[in-house]
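Numbering (this note's numbering), first residue to last: -3 to 265. Some notes on the structure that comes next.
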């Protein structure tokens, strides 16, 4: 897999397909592998770029604290290194924080914005249930199969993992194959907790789609609704029967909604 020097780190990335650039930004604690159900579809129509955020996957994992803006600058630096001036930006969860910041900090580079299972952070952010907060903050079983299975049960809607055991097992093995050091986990967690875009998202000018699952436990869907209400002309889509992993759980519908939005943006050009 190729790497490129961006800011103070080496970033691991992949490029699939040809066409207008589309960047997929993963969430808390996961690598670029999380997009395995989107890449075969999106790359048929777009040059689809995925990368490991700092601290995750095969990208560097510096011990120094960082912010969501730092991770945003990493993404912009990657595009610059690839000589890409403008792209569609899609982010999920923490990646949605990064995508928002990207649209605010680099509006000229943002062709459109897709925010998945995310919110604006800050004091008015709707918190997940206590069991989810405990699962996210606990450090005692980091990078273990026990931790992976526990989080997976919360990542999807109820019973999904039990009804799809083969897929659940593949996800667990992918997660365990790219362990995250404790300092990287804490750095991403602290960056996410400090993020607050509520007072700023009204300045987003890019065409915006907000997507959430109606059974999201990690980021309750009220957050996506609140976010969409603040972004000018944003379109909100709530996918039924899906949890936080809406893009894996209801893959066909998620991919259809995203591609339909991207085609509408392209038609406006």
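Don't be surprised by glycine CBs; every beta carbon is placed ideally from N, CA and C.
Which term fits residue i, buried or exposed, when burial requires 16 or more other beta carbons within 10 angstroms of its beta carbon?
i	result
residue 173	exposed
residue 153	buried
residue 71	buried
residue 123	exposed
residue 50	buried
residue 103	exposed
residue 159	exposed
Excluding the 5 residues preceding and the 5 following residue i in the sequence, name in chain order all residues of the same chain whose CB lies nearer than 8 Å to its CB.
i	result
residue 52	22, 25, 26, 27, 174, 176, 180, 184
residue 65	97, 101
residue 0	6, 7, 9, 74, 77, 78
residue 57	50, 51, 176, 177, 179, 180
residue 237	153, 209, 210, 211, 245, 246
Assuming residue i contacts residue j under a Cβ cut-off of 8 Å, what Cβ separation, rounded to an integer in Å, is found between them?
i	j	result
residue 95	residue 109	6 Å
residue 88	residue 202	Incorrect: roughly 17 Å between the Cβ atoms, too far for contact.
residue 190	residue 68	About 13 Å separates the two Cβ atoms, so there is no contact after all.
If you run the structure through DSSP and keep just helix, strand and coil, what is residue i?
i	result
residue 58	coil
residue 107	strand
residue 11	strand
residue 160	coil
residue 215	coil
residue 17	strand
residue 192	strand
residue 6	strand
residue 166	helix
residue 117	strand
Heavy atom of the ligand ADP less than 7 Å from the Cβ of residue i, yes or no?
i	result
residue 33	Ligands are entirely absent from the displayed structure, and the ligand ADP is therefore not among its contents.
In its own chain, which residues sit with a C-beta less than 7 Å from the C-beta of residue i, not counting the 5 before and 5 after it?
i	result
residue 224	206, 230, 232
residue 105	72, 75, 81, 82, 83
residue 15	41, 42, 43
residue 91	21, 22, 23
residue 148	157, 164, 167, 168
residue 2	70, 73, 74, 77
Once you ignore the five residues that flank residue i on each side, which residues in its own chain have a CB closer than 6 Å to its CB?
i	result
residue 127	none
Handout entry: the stretch 231 to 247 / the stretch 202 to 216 touching (three or more Cβ pairs under 8 Å)
Key = Flag = yes, the stretch 231 to 247 and the stretch 202 to 216 touch.
Practice task
Answer yes if the stretch 152 to 171 comes into contact with the stretch 250 to 262, meaning at least three C-beta pairs across the two stretches below 8 Å, and no otherwise.
Solution key: With the cut-off at 8 Å, the stretch 250 to 262 and the stretch 152 to 171 do not touch.
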